[in-house]
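Residue numbers (this note's numbering): 5 to 100. In what follows, a single structure is set out as structure tokens and then discussed.
Structural data, given as structure tokens:
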């Protein structure tokens, strides 16, 4: 097979139906948490303002699904619990 054919490159780009059926894939949640960590490192304000910033992301404000996607309450609870654990861990590490 020639390297330039679209078929050999196709696996690099996830298909649209997959993205629609799994709006919050593990990869996206991981990327979001990495992005949140980078934003926290960039903030040079005092810790109280950073805490307020984490409370906003706790609600999942950046992970707003499009109109077509409906996510079950259970799954949102799982995601929220994961974020709360992650944030608690980060606060604990910051105190050390």
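Beta carbons are placed, not taken as given, at the ideal position from N, Cα and C, and that holds for glycine.
C-alpha distance - residue 86 paired with residue 93, whole-angstrom precision: Here the alpha carbons of residue 93 and residue 86 stand approximately 11 Å from one another.
On the three-state DSSP scale, how would you describe residue 37? helix
Restricting to Cα atoms, I'd like to know which of 77, 78, 90 is closest to residue 33. 90
Ordered along the chain, which non-local residues of its own chain (more than five positions away) have a Cβ less than 8 Å from that of residue 82? Around residue 82: no qualifying Cβ.
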